[in-house]
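Chains A and B supply the protein sequences, listed in that same order. Residues in the first sequence are numbered from 43 upward in steps of one, following my numbering. Residues in the second sequence are numbered from 3 upward in steps of one, following my numbering. For each residue, glycine too, the CB sits at the ideal point set by N, CA and C. Below is one structure, written out as structure tokens, with a few remarks after it.
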Amino acid sequence: MAATADITLGYMPLFDSAVLIAAVEKGFTGEEGLSVQLVRETSWANIRDRIAVGQFQAAHMLAPMPIASNLGLTPLSLELVAPFALGLGGNAVTVSRDLWGHMVGKGAGPGTDPGANGTALSQVVEYRRAAGEPPLRFAVVHPFSGHNYELRYWLSACGIDPERDVEIVVVPPSLMADALATGAIDGFCAGEPWNSVAIAGGAGRIATTKASIWRLSPEKVLGVSARFATEHRPALDALLRALYRSSTWCGDTTNHEELAALMSPAEHLGLPRERLMPILTGHLALGDGAADAIPEFFVPHAKGATFPWQSHALWFYSQMVRWGHAEHSPAQAERARDTYRPDIYRQALKPMAAPMPGANMKVEGALTAAAPVGASEKGLVLGPDGFFDGRIFDPDRLDEYLASQS
Amino acid sequence: MTHRDLTILVIDENAIRASIIEAGLHNAGHSRVSVVHDVHGVGRVIERLQPDVIVIDLENPNRDLLESMFQLSRSVKRPIAMFVDRSDSSMIEAAIDAGVSAYVVDGLRQERVKPILDMAIGRFNAFSRMERELAEARSELADRKVIDRAKGILMKSRGIGEEEAYKLLRTTAMNQNRKIAEIAQSLVLAAGLLEDP
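Set out below in structure tokens:
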């Protein structure tokens, strides 16, 4: 039976909206009997508000955004659910040419190693403090974003206190390159293609990537209001099936040229397709003529990339608590965890015989090699995953983790 | 309680629209209205003004930046809520449709803020209507130009008069259920292709 519902889907101009855009433009939503309209937005706040008043039924969201909303941390909080992940990875940290020059002087380069480059950065920070210079200013795209939390994680693992040693501000992704070029910021963490745009304009150098800070880490999700999920469940299920098929298509290397062409026009990203291909191949130009091949830079489908792991939700929660964005209590942790809805994912994809993990949570950073996991039907391979500093996040030992991260 | 005038900050990159809103607020008796067109450096403006209400256009990608300033509570050391009443979704929807958003200091009574937001919504709607009419007027002018060119092409290639050329365009448009301007446009385009290089 066709799920009859008109769905308006909001997205931000970032490459990780690919699974949503391809789902509509390649006809997967139509084949599920859905009429879906894509609407490009200019801010994450607009996306949240338009979901709140019912103008959008579903949207491209920063992974911590629905959690923050359910914890009552945003100006217009409403109950949201995240039943589907829109891929893994996709971000990078870019620094100004000037800052990179100083980092090289302290031993950074030639690649994107977060350990070596982070240590160099911490020495630059130390040097600036001793010289009485103002703290470096980094930008992220939103306070409740993977960018903010992975940047902070990286900095603090390298001995830089993100609260005291640097300043972290918010700048819209499309304005990052200009802000870096004009010296308004010294570095930023944003999703692609905005790092590559800054590199192509000669403003900066990629210092490290999300994929190297936390391999196979979560980035965007599909956010839906809890009311829509309850009242229009067949339509939501159909949407998830269409997105799953789209993610398969996006992850197939033989479609990459076509996907880049699909994302390129002015109504989506408005950038030449050559600029977009490196995101899919992971062969990034880092700036200053350097290049690097990043394993699993952006993963739209493989390695369980679409599964809404509740351990991901809890890790984001652990960082919200760490940086004072949320108060910890068992009830809050539960609310954060239950924002992610693997149960909806499992039920929606059942008719497709998609491979399913046996559990809803995993120990993050436990896999040092790719490993098949207990999955229904076809096999599911996960990992290697993990944080660059070798730490492990066990969601069953949340309190211990919270205590250890000071 | 002192009946203090509210301090209102309008952030709109569109200078004409911002001034229309500013005028509206003045007319409604609000004398403490400030306008900024550029979000760059707005943190300092907020710190200085301590506004009770901030009105911003939704096209502005810097809305996220503005919200993060509120969350940081460094420049604005007071809790901020969006809109007067979070549960009033019809008001929020009307604002979003008009392309405007407002941030309001918690604790301000709804009856004080609602007229401000109503006014902003009304002005935004009026402005977009004006812009639409202007765009229509421009495209009408462009239509007339393209029809004239099409007529000219027909007159030359068929050796017919102006009236007859127009009739031919109109009949074709009627038969194809399209606008005269569209037919004229394709004719001009085709003639361009057929011209000797």
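Hey, would you say residue i sits closer than 7 Å to residue j, going by beta carbons?
{"i": "residue 155 of chain B", "j": "residue 193 of chain B", "result": "yes"}
{"i": "residue 177 of chain A", "j": "residue 205 of chain A", "result": "no"}
{"i": "residue 255 of chain A", "j": "residue 156 of chain A", "result": "yes"}
{"i": "residue 107 of chain B", "j": "residue 126 of chain B", "result": "no"}
{"i": "residue 106 of chain A", "j": "residue 386 of chain A", "result": "no"}
{"i": "residue 153 of chain B", "j": "residue 164 of chain B", "result": "yes"}
{"i": "residue 37 of chain B", "j": "residue 12 of chain B", "result": "yes"}
{"i": "residue 407 of chain A", "j": "residue 430 of chain A", "result": "no"}
{"i": "residue 262 of chain A", "j": "residue 58 of chain A", "result": "yes"}
{"i": "residue 197 of chain A", "j": "residue 182 of chain A", "result": "no"}
{"i": "residue 356 of chain A", "j": "residue 414 of chain A", "result": "no"}
{"i": "residue 35 of chain B", "j": "residue 24 of chain B", "result": "yes"}
{"i": "residue 265 of chain A", "j": "residue 108 of chain A", "result": "yes"}
{"i": "residue 468 of chain A", "j": "residue 184 of chain A", "result": "Because residue 468 of chain A is not part of the residues shown, which for chain A are 43 to 448, the question remains open."}
{"i": "residue 149 of chain B", "j": "residue 175 of chain B", "result": "no"}
{"i": "residue 336 of chain A", "j": "residue 250 of chain A", "result": "no"}
{"i": "residue 66 of chain B", "j": "residue 85 of chain A", "result": "yes"}
{"i": "residue 162 of chain A", "j": "residue 172 of chain A", "result": "no"}
Note down, in chain order, each residue of its chain lying with its Cβ closer than 7 Å to the Cβ of residue i, except the 5 sequence neighbours on either side.
{"i": "residue 39 of chain B", "result": "14, 15, 17 and 20"}
{"i": "residue 33 of chain B", "result": "7"}
{"i": "residue 60 of chain A", "result": "292, 301, 305 and 342"}
{"i": "residue 257 of chain A", "result": "338, 426, 427 and 428"}
{"i": "residue 164 of chain A", "result": "200, 201 and 202"}
{"i": "residue 411 of chain A", "result": "425 and 426"}
{"i": "residue 9 of chain B", "result": "34, 51, 52, 53 and 54"}
To the nearest angstrom, how far is it from the Cα of residue i to the Cα of residue j?
{"i": "residue 135 of chain A", "j": "residue 379 of chain A", "result": "28 Å"}
{"i": "residue 190 of chain B", "j": "residue 183 of chain B", "result": "10 Å"}
{"i": "residue 51 of chain A", "j": "residue 102 of chain A", "result": "8 Å"}
{"i": "residue 389 of chain A", "j": "residue 395 of chain A", "result": "11 Å"}
{"i": "residue 64 of chain B", "j": "residue 90 of chain A", "result": "15 Å"}
{"i": "residue 341 of chain A", "j": "residue 69 of chain A", "result": "21 Å"}
{"i": "residue 28 of chain B", "j": "residue 100 of chain B", "result": "20 Å"}
{"i": "residue 246 of chain A", "j": "residue 154 of chain A", "result": "13 Å"}
{"i": "residue 399 of chain A", "j": "residue 425 of chain A", "result": "13 Å"}
{"i": "residue 333 of chain A", "j": "residue 95 of chain B", "result": "47 Å"}
{"i": "residue 224 of chain A", "j": "residue 140 of chain A", "result": "12 Å"}
{"i": "residue 285 of chain A", "j": "residue 239 of chain A", "result": "28 Å"}
{"i": "residue 132 of chain A", "j": "residue 178 of chain B", "result": "49 Å"}
{"i": "residue 349 of chain A", "j": "residue 423 of chain A", "result": "12 Å"}
{"i": "residue 151 of chain B", "j": "residue 171 of chain B", "result": "12 Å"}
{"i": "residue 289 of chain A", "j": "residue 64 of chain A", "result": "8 Å"}
{"i": "residue 124 of chain B", "j": "residue 327 of chain A", "result": "49 Å"}
{"i": "residue 174 of chain A", "j": "residue 68 of chain B", "result": "29 Å"}
{"i": "residue 384 of chain A", "j": "residue 402 of chain A", "result": "6 Å"}
{"i": "residue 248 of chain A", "j": "residue 236 of chain A", "result": "11 Å"}
{"i": "residue 393 of chain A", "j": "residue 71 of chain A", "result": "16 Å"}
{"i": "residue 48 of chain A", "j": "residue 274 of chain A", "result": "11 Å"}
{"i": "residue 145 of chain B", "j": "residue 168 of chain B", "result": "13 Å"}
{"i": "residue 433 of chain A", "j": "residue 145 of chain A", "result": "25 Å"}
{"i": "residue 310 of chain A", "j": "residue 303 of chain A", "result": "10 Å"}
{"i": "residue 160 of chain A", "j": "residue 361 of chain A", "result": "19 Å"}
{"i": "residue 181 of chain B", "j": "residue 143 of chain B", "result": "15 Å"}
Leaving aside the five residues before and after residue i along the sequence, list all residues of the same chain whose C-beta is less than 8 Å from its C-beta, in chain order.
{"i": "residue 314 of chain A", "result": "306"}
{"i": "residue 98 of chain A", "result": "50, 51, 52, 81, 89 and 92"}
{"i": "residue 370 of chain A", "result": "363 and 444"}
{"i": "residue 2 of chain B", "result": "Any answer about residue 2 of chain B is impossible in this case: the structure gives chain B only from 3 up to 199."}
{"i": "residue 47 of chain B", "result": "11, 36 and 38"}
{"i": "residue 62 of chain A", "result": "51, 53, 80, 102, 128, 264, 285 and 288"}
Would you mind giving the Cβ-Cβ distance between residue i and residue j, rounded to the nearest angstrom? I have them listed as a contact below 8 Å.
{"i": "residue 74 of chain A", "j": "residue 283 of chain A", "result": "6 Å"}
{"i": "residue 186 of chain A", "j": "residue 104 of chain A", "result": "6 Å"}
{"i": "residue 129 of chain B", "j": "residue 58 of chain B", "result": "Not really, about 15 Å apart at Cβ, beyond 8 Å."}
{"i": "residue 180 of chain A", "j": "residue 229 of chain A", "result": "5 Å"}
{"i": "residue 409 of chain A", "j": "residue 428 of chain A", "result": "7 Å"}
{"i": "residue 91 of chain B", "j": "residue 95 of chain A", "result": "5 Å"}
{"i": "residue 281 of chain A", "j": "residue 100 of chain A", "result": "7 Å"}
{"i": "residue 347 of chain A", "j": "residue 123 of chain A", "result": "Actually they do not touch by this definition, with Cβ atoms about 19 Å apart."}
With a CB to CB cut of under 6 Å and the five nearest residues on each side skipped, what residues in its chain are close to residue i?
{"i": "residue 331 of chain A", "result": "none"}
{"i": "residue 110 of chain A", "result": "116 and 186"}
{"i": "residue 79 of chain B", "result": "At residue 79 of chain B, the pLDDT of 49 sits below 50, so the modelled position is not reliable; the number obtained from the coordinates is stated separately. Around residue 79 of chain B: no qualifying Cβ."}
{"i": "residue 278 of chain A", "result": "271"}
Is residue i close to chain E? Criterion is C-beta to C-beta, closer than 7 Å.
{"i": "residue 171 of chain B", "result": "Included in the structure are the protein chains A and B, with no chain E among them."}
* Asked: Are the region 107-118 of chain A and the region 70-79 of chain A in contact at 8 Å, needing three or more beta carbon pairs?
  -> no
* Sufficient close CB pairs (3 or more, under 8 Å) joining the region 317-334 of chain A to the region 210-219 of chain A -> no
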